[in-house]
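The numbering used here runs 1364 ahead of the 1-based position in the sequence shown.
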Amino acid sequence: MSFSIDSFIFLIFLVINLSVGIFFGRGIKTIKEYAIGNRNFSTLTIAATLVATGISGSAFVNDLSQSYTNGLYFIWAIMGSSLCFLVIGWFFAPRLGEFLGKLSIAETMGDLYGKNVRVISALAGCAATCGYMAAQIKVSGMLFEYAFNLPSEYGMVAGATVVAIYSSFGGIKSVTFTDVIQLFTFGTIIPTLAFFIFGSLDNISIVVDSIQTSELFDYKEVFDFTQPKSLYYLFLFLYFMMPGFEPPIFQRISMAKS
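Okay, structure coming up:
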C-alpha cells in the first residue's frame, strides 16, 4: 500500500461526503421526507444535484475515453445530452405540476395506469439504477487502486459503504447536499488538472497540430453524413437528445417547490 497526495485527496473526499451526508440527513422521520425531503430546496441546489448526477463518475470516465478514441465524432454526439436537459426543462418539467410531491415514477405510473404498471415501472427503474450504481462503484474501485496501489475491490467496497451509509441515513437530503459537494469538486479539480497538464507540456503546439491533422477532428469528415461512421454518430446524437425520465431526474423534479 502506498500513500501520497492522491491518497490523501481520495480519503478526504470520502470523509467529507460521509460527514455532509450524515449532517444534512438528520431529522428524517417519514418515508416522504426520506424520498423527496420537505420540498424546500433552492433552485440552485436542485440544479447542482442535477448536474452532478448527469456528470457522474462513470460518465466522466466513459466520456473522456470515448472523446480520446473517437474525437469530434463523440464530442458533438454527447452534446445531445445537454439538449435533452433543455427539452425536459423547457417543455416537460413545467407540465408536471400535478405530480410534484410524488415519491417515484412507479407511484405516478400506478396512479395513472394501475398496480400492474406500477410494478413494471418499479422493476424497470430498479434494473436501470442497479446498472448505474455498478458503474459508479467500479469507478470508485479504479480510483482507489490508483491512489493506494491496492486491488480495486477494496475501493469498490469503501465507496459503496460510504454511499450506503449516508443515503440510508438521510435519504434524498443527504444525496442532494453530497451532490453539491461533488459538483464543487468537479468544478475545481477538472480545470486545475487541465491547467497542470497543459503547464507540463514543453510546447502546446503539439496539441494544436494533433487536432489539426487528425481525421477525428476534421469537421468535414465528422459531419459528412454520407459516411457510415458519421451517420452512426448522428443517430447517437439523436438518441442522447431524446428526453427520458430516469428515476433520479423525476425525483429531482418531484422534490421541487413548484
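Positions of the beta carbon are idealized from the N, C-alpha and C atoms, including for glycine.
{"Check": "How about the stretch 1386–1401 and the stretch 1409–1425: do they share at least three Cβ pairs that are nearer than 8 Å?", "Outcome": "no"}
{"Check": "Can you have a look at A1491 and say buried or exposed, based on whether 16 or more other CB atoms are within 10 angstroms of its CB?", "Outcome": "exposed"}
{"Check": "Is G1474 helix, strand or coil by DSSP?", "Outcome": "helix"}
{"Check": "Helix, strand or coil for G1453? Go by DSSP, reduced to three states.", "Outcome": "helix"}
{"Check": "Straight-line CA distance for F1508 to T1493?", "Outcome": "23 Å"}
{"Check": "May I have the straight-line CA-CA distance separating D1370 from F1512, to the nearest angstrom?", "Outcome": "8 Å"}
{"Check": "Just the Cα atoms here: how many angstroms apart are E1397 and L1514?", "Outcome": "39 Å"}
{"Check": "Using CA atoms only, rank isn't needed, just tell me which of N1404, K1466 and A1470 is closest to S1485.", "Outcome": "A1470"}
{"Check": "Would you call the stretch 1564–1571 in contact with the stretch 1407–1416, where contact means no fewer than 3 C-beta pairs closer than 8 Å?", "Outcome": "no"}
{"Check": "Which one of F1424, T1472, S1618 and V1451 has the shortest CA to CA distance from I1439?", "Outcome": "F1424"}
{"Check": "What does the Cβ neighbour count give for Y1603, buried or exposed, with the cut at 16 atoms within 10 Å?", "Outcome": "exposed"}
{"Check": "When DSSP labels each residue in this structure, what does K1466 get in the three-state scheme?", "Outcome": "coil"}
{"Check": "Taking Cβ positions, are L1311 and F1589 nearer each other than 8 Å?", "Outcome": "Outside the shown range of the chain (1365 to 1622) lies residue 1311, about which nothing can therefore be said."}
{"Check": "What did DSSP end up calling F1512 once you bin it into helix, strand or coil?", "Outcome": "helix"}
{"Check": "Hey, how far is the Cα of F1550 from the Cα of V1503?", "Outcome": "15 Å"}
{"Check": "Whole-angstrom Cβ separation of L1447 and M1605, contact assumed at under 8 Å?", "Outcome": "5 Å"}
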